[in-house]
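Protein chains in written order, with the working numbering: chain A, 1484 to 1785; chain B, 1484 to 1785.
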């Protein structure tokens, strides 16, 4: 029986060169063998979608600030957002920054908010590009993105900056829900085929504050969110490695996206947390990929 | 003879699905064909380094704020830095954020600076991990990183958020300089082999303000920085697609890095701006990779 302990697992990852310790919590470096597995995992996920007509795009780790403003992100998750600020003053004002730094003083009042924030969810930058009328069958897009959540933690699966392989479907409600259901099954099968003790569960987003509890309850009631969970640092509290979200018409409304027959478009997205799935593989099969079960290696080393 | 015009080039990239327009300047999306070329270019660069004993690491787009504080980044480039801020208040304070957003008011004073900033140069997070004594032959590390520079521009090669394939060498001065010289030649040859009109030139960093002019002149005098330039949006003002930087003992001093025989370590780095090299390929050979010269295709589609 495996034992679970966050600190022991983190130390093991570091000792095997899989993680490279770096200052800020949840923003460590990744060693070559870690990223090799992560990239192979991503390629396997893409192969599982090979039969689908899916477009691919890449968006940077920063997105338009108005996206989070227009979608109510700061109502629901004000504690998770990372905004980007910069110095916009003149030369004489700039000198104050190194002076404050040398004095060990704060210097954030010398900066101003820019027009970008760190991307909190891989799919966010897609929606404003879809404003208008969708093609007959809607849209189906995939992206690999670095996302950010301001939740510093020593627990190694609780990253602040991490990669997500995301798929997004926009279109009619039935299309979108059927697609989400298909991927829930496909994602679970994919992870189980790698020997991972994965299971799916209805879930809720980590909404902020007391009001958030009601939002979370509503989300669970309506089964708008599912997660695939795998024990990595705890058996009682397994790690969410994939997330499947049905947004109903939230983004269609926010960005004026319509289906070909003129309805407000619905959308759903799903994301594989690539660092988390990779950690689940190292936890389940050990720190040395060369010793992993052949059936697992055959799926990843193709 | 090619003609050069930033707006026409940007529009061409968009019309061919290579760039996906998104709100903030310098932070657009990349289409599948664009990233396919970018990834092939990155793989070609890595193949050119195959004979070297180089470690690979990955760092997130955000790094420890103290790295830029300790290395004087805010003295030299206060205008380029993107700091990350977040909400750290209580529930009642959080409600003010959506209220301000709804009223079209600023909300940056409701946030506080976090311990991370956007990574301004791919190699920065490496140095603090090297504190102490280096192995006999120093260190040689490569990384692919998203970096950020706060320089909004409509000129398509002037990105704010972009990917760099970076190589870093730490060790004795002679080792580091010889390595930099070898890569300057290798990088230039690699780009010329792709039919790109590339040339190398002594260069200076975009230091801030009047004092910066002197720093830039000193950098040029000492030949501490070289760039490989390719005309993409202008013939007179070609785009810097690679940068080769000899830091002398700057990072060795800042992070207490010593060579095996006890000297302060010197370092150099070089980076290929992957979006810029990719754009240079599209500018030089046209928007449709299927029509590129066979000799170029043979190098990238292996």
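No residue lacks a Cβ here, since even glycine has one placed at the ideal position from N, Cα and C.
List, in order along the chain, the chain A residues whose C-beta lies closer than 8 Å to that of residue i?
i                       : result
residue 1584 of chain B : 1552, 1557
residue 1493 of chain B : Under the 8 Å cutoff, chain A gives no residues; its nearest Cβ is about 16 Å from residue 1493 of chain B.
Along the alpha helix (DSSP H) that carries residue i, what are the first and last residues, could you check?
i                       : result
residue 1602 of chain A : That residue, residue 1602 of chain A, is in no alpha helix (DSSP H); it is neither H nor E in DSSP.
residue 1556 of chain A : 1556-1559
residue 1706 of chain B : Per DSSP, residue 1706 of chain B belongs to no alpha helix (DSSP H) and is neither H nor E.
residue 1493 of chain B : 1489-1498
residue 1569 of chain A : Counting along the chain, residue 1569 of chain A falls outside any alpha helix (DSSP H), though it belongs to the beta strand (DSSP E) covering 1566-1569.
residue 1530 of chain B : 1515-1531
residue 1582 of chain B : 1579-1585
residue 1592 of chain A : Here residue 1592 of chain A belongs to no alpha helix (DSSP H), and DSSP marks it neither H nor E.
residue 1781 of chain B : 1777-1783
7 Å is my cut-off, CB to CB: does residue i come that close to chain B?
i                       : result
residue 1567 of chain A : yes
residue 1574 of chain A : yes
residue 1503 of chain A : yes
residue 1697 of chain A : no
residue 1544 of chain A : yes
residue 1740 of chain A : no
residue 1604 of chain A : no
residue 1762 of chain A : no
residue 1689 of chain A : no
residue 1644 of chain A : yes
residue 1629 of chain A : yes
residue 1532 of chain A : no
Could you pull the start and end residues of the beta strand (DSSP E) that residue i belongs to?
i                       : result
residue 1756 of chain B : 1749-1756
residue 1669 of chain B : From DSSP, residue 1669 of chain B is part of no beta strand (DSSP E) but of the alpha helix (DSSP H) over 1656-1676.
residue 1549 of chain A : That residue, residue 1549 of chain A, is in no beta strand (DSSP E); its alpha helix (DSSP H) goes 1548-1553.
residue 1627 of chain B : 1622-1631
residue 1731 of chain B : 1722-1731
residue 1540 of chain A : 1538-1541
residue 1685 of chain B : 1682-1685
Is the beta carbon of residue i less than 7 Å from the beta carbon of residue j?
i                       : j                       : result
residue 1621 of chain B : residue 1653 of chain B : yes
residue 1503 of chain A : residue 1548 of chain A : no
residue 1546 of chain A : residue 1608 of chain A : yes
residue 1512 of chain A : residue 1542 of chain B : yes
residue 1574 of chain A : residue 1509 of chain B : no
residue 1570 of chain A : residue 1562 of chain B : yes
residue 1722 of chain B : residue 1682 of chain B : no
residue 1593 of chain B : residue 1579 of chain B : yes
residue 1699 of chain A : residue 1687 of chain A : yes
residue 1718 of chain B : residue 1487 of chain B : yes
residue 1725 of chain B : residue 1651 of chain B : no
residue 1753 of chain B : residue 1734 of chain B : no
residue 1507 of chain A : residue 1598 of chain B : yes
residue 1544 of chain A : residue 1629 of chain A : yes
Counting only Cβ pairs nearer than 7 Å, list the residues of chain B close to residue i.
i                       : result
residue 1633 of chain A : 1569, 1597
residue 1562 of chain A : 1570
residue 1800 of chain A : As displayed, chain A neither begins before 1484 nor continues past 1785, which places residue 1800 of chain A out of reach and without an answer.
Determine whether the Cβ of residue i lies closer than 7 Å to any Cβ atom of chain A.
i                       : result
residue 1515 of chain B : yes
residue 1750 of chain B : no
residue 1784 of chain B : no
residue 1512 of chain B : yes
residue 1775 of chain B : no
residue 1639 of chain B : no
residue 1518 of chain B : yes
residue 1541 of chain B : yes
residue 1700 of chain B : no
Interface residues of chain A around residue i at Cβ under 7 Å?
i                       : result
residue 1693 of chain B : 1574
residue 1601 of chain B : 1567
Give me the chain B residues within the contact set of residue i, using Cβ-Cβ distance strictly less than 9 Å, ordered along the chain.
i                       : result
residue 1528 of chain A : Near residue 1528 of chain A there are no residues of chain B at all, since even the closest Cβ is about 16 Å away, more than 9 Å.
residue 1653 of chain A : Simply none; closest approach about 15 Å.
residue 1589 of chain A : 1595, 1596
residue 1581 of chain A : 1552, 1555, 1557, 1558, 1561
residue 1438 of chain A : Since the first and last residues shown for chain A are 1484 and 1785, residue 1438 of chain A lies out of range.
For a contact defined as C-beta to C-beta under 9 Å, what are the partners of residue i on chain A?
i                       : result
residue 1672 of chain B : Going along chain A, no residue has its Cβ under 9 Å from residue 1672 of chain B, so there is no contact; the nearest lies around 26 Å.
residue 1577 of chain B : 1557, 1558, 1561, 1562, 1691, 1692
What in chain B is Cβ-close to residue i, meaning under 8 Å?
i                       : result
residue 1549 of chain A : 1506
residue 1612 of chain A : 1503, 1504, 1505, 1512
residue 1538 of chain A : 1515
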